[in-house]
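Just so you know, we're using this note's numbering here: the sequence shown kicks off at 51 and counts up by one. Even for Gly, the Cβ is constructed at its ideal location relative to N, Cα and C. For reference, the structure is listed below as structure tokens.
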Amino acid sequence: VTISSKAAARRRNGRIKLVASSAILLLLILIGFSLLQWFTSSVLSNGSSTSLNTGGIKGSPQSKQRILQSLAKLNELIQLSPDDTKKESIFLSTATKECIPGRDDNGKDINPTTHRKRECLRHVPLGKHITTGEDLEERMKMQRPRIGIMITPGYIPTTVAKWIGHALKQTGDSIHMDIEILTTAHVPVYGYGKSHGYSKLIRVVTLPLPLAVNDAYYYSMNELADDNDGGNNGNDGSFVMQNLEAILDETKLQYNTKPSSQTVGSITELLLRWHCRLSHVAAHTAELTLTLDNILKHPTDTLETILTFVWRQDWEWEGHNHNQNKREERELYPKIWKGAAEEFVASEDGSLQPLLNQVSLLLSSSTSDATTFGETIQKSFASEMTKSKDLTSWPCPSFWDGVGNDDSGAAHKIANEMTPNCRDGDPYARCTVNKDRCEVKKDAMCK
51 VTISSKAAAR RRNGRIKLVA SSAILLLLIL IGFSLLQWFT SSVLSNGSST
101 SLNTGGIKGS PQSKQRILQS LAKLNELIQL SPDDTKKESI FLSTATKECI
151 PGRDDNGKDI NPTTHRKREC LRHVPLGKHI TTGEDLEERM KMQRPRIGIM
201 ITPGYIPTTV AKWIGHALKQ TGDSIHMDIE ILTTAHVPVY GYGKSHGYSK
251 LIRVVTLPLP LAVNDAYYYS MNELADDNDG GNNGNDGSFV MQNLEAILDE
301 TKLQYNTKPS SQTVGSITEL LLRWHCRLSH VAAHTAELTL TLDNILKHPT
351 DTLETILTFV WRQDWEWEGH NHNQNKREER ELYPKIWKGA AEEFVASEDG
401 SLQPLLNQVS LLLSSSTSDA TTFGETIQKS FASEMTKSKD LTSWPCPSFW
451 DGVGNDDSGA AHKIANEMTP NCRDGDPYAR CTVNKDRCEV KKDAMCK
């Protein structure tokens with residue numbers, strides 16, 4: 051009996067050890083499987099997401115929060131007017147000036163140029179090539195609203211413009227509305243809301259200003275040809291920005307020499323003159339202004355604002371009025387565009403990762419140069435604010451004033467891109483102010 055009991059005990063112990071061994075083996079298998087899953091999802095997928103939607107830029111995707119903090123840090127490093135903070139406030143107010151139909155044209159503001167009540171015109175031009183005749187009605191059917199996306203030369207605004215253009219194209223197709231989208235750095239010609247040939251304008255503003263200066267410099271040196279006439283001698287009348295597909299990578303920062311203090315000062319002045327011109331246009335033309343930080347913080351809300359602004363059925367068709375949409379249809383638009391904005395931002399085309407990477411690279415360069423060029427930017431800012439009477443002078447200072455004659459220089463290239471789209475024979479723009487013709491001739495002195 052004793053022997054039998056001992057044998058039974060040994061068998062029980064053997065079974066327990068077998069079960070324990072099997073459990074340990076199973077546990078090891080599960081741990082190994084979990085580690086494999088973690089490696090696949092965390093390491094390999096992160097490696098693939100680095101190349102997804104980054105526009106070909108290498109490196110890990112940048113944290114949006116970290117970039118926003120860096121923008122704030124750069125703003126603190128270089129204060130535009132440390133001795134007179136009101137000047138910086140005036141600049142920011144001018145650079146973000148808007149004219150939103152239904153909001154800004156219902157007040158008591160007076161247009162300083164015409165001395166008339168402020169209007170946010172949404173003129174849809176027929177074009178000078180469409181005059182009179184038996185086929186006028188047929189030509190009217192081809193009439194399209196012209197949306198200008200106004201950007202300063204730079205990788206950041208170019209990427210934002212591409213993002214906006216994709217969204218407008220998709221939503222336009224969905225509602226069967228045909229518009230012409232023109233992305234350009236050329237300022238609209240002087241005149242009133244029917245002179246420049248645009249129906250509505252969207253202004254993209256890169257802030258802080260030192261970031262815009264740095265961006266414009268590297269874009270001009272990498273993407274703009276020497277002695278480019280800025281498209282003013284072309285025949286298509288589009289004045290579109292060159293190299294909208296341009297991508298910034300580290301080599302474009304490394305293989306270019308740093309800008310001189312004179313170049314930094316000239317670019318600072320050019321950017322202020324560009325905003326001076328666009329602020330005058332906002333006195334009479336429907337104009338929406340978008341800032342970089344708002345786009346990064348609230349992409350969906352920003353896009354909803356863009357779509358509501360563009361697709362608001364308030365066009366002023368030259369020659370006729372075939373826009374008699376019902377009030378009920380107009381009131382539905384905000385609900386429609388909120389969903390469309392959410393859907394687009396979540397899509398591959400709506401990814402802001404390329405923009406985050408571009409901003410990250412330029413922020414790094416801008417911050418490292420802050421101590422070198424900070425004083426130059428401040429001096430140029432103060433000088434230009436005085437020259438332009440705090441960006442209120444009409445006409446604004448010439449783009450060619452102080453730029454120099456070096457066609458290969460960054461400032462010269464940027465000035466070329468900013469000159470007004472003033473050209474004989476243009477089907478839409480009516481160039482009636484001689485100052486614009488002087489700008490095209492690169493003559494800072496003529497009036």
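Within the DSSP bridge table, the entry for H173 names E366 as partners. For T135, the enclosing alpha helix (DSSP H) covers residues T135 to A145.
When the beta-carbon positions are compared, L406 and L261 stay at least 8 Å from each other. Per DSSP, V237 lies in no beta strand (DSSP E) and is assigned neither H nor E. Counting the other Cβ atoms within 10 Å of the Cβ of E398 gives fewer than 16, which makes it exposed.
Taking a 10 Å sphere around the C-beta of A333, we find 16 or more other C-beta atoms and assign the residue as buried. Of all alpha-carbon atoms in N466, S430 and K491, the one lying nearest the alpha-carbon of L130 is that of S430. Bounds of the alpha helix (DSSP H) holding V314 are S311 to V331. When rounded, the separation of the alpha-carbon atoms in V360 and E126 is 35 Å. The three-state secondary structure of G400, taken from DSSP, is coil. When R172, M291 and P207 are compared, the shortest CA-CA separation from S249 is found for R172. In the structure shown, G475 adopts coil according to DSSP, grouped into three states.
Here the C-alpha atom of S433 lies approximately 11 Å from the C-alpha atom of L441. Scanning V255, K485, R323 and D493 for the CA closest to the CA of V239 turns up K485.
Per DSSP, V360 has no beta-bridge partner at all.
Between the C-alpha atoms of E368 and R196 there is a straight-line separation of about 12 Å. For V490, the uninterrupted alpha helix (DSSP H) segment begins and ends at N484 to V490. Its chain contains N282, T469, P470, C472 and R473 as the residues whose beta carbon lies nearer than 8 Å to that of V490, once the 5 sequence neighbours on both sides are disregarded; these appear in chain order. Assignment of beta-bridge partners to V409 by DSSP yields no partner. The DSSP-derived three-state label of T335 is strand. Beta-carbon to beta-carbon, L411 and L328 are separated by about 26 Å, too far to satisfy the 8 Å threshold.
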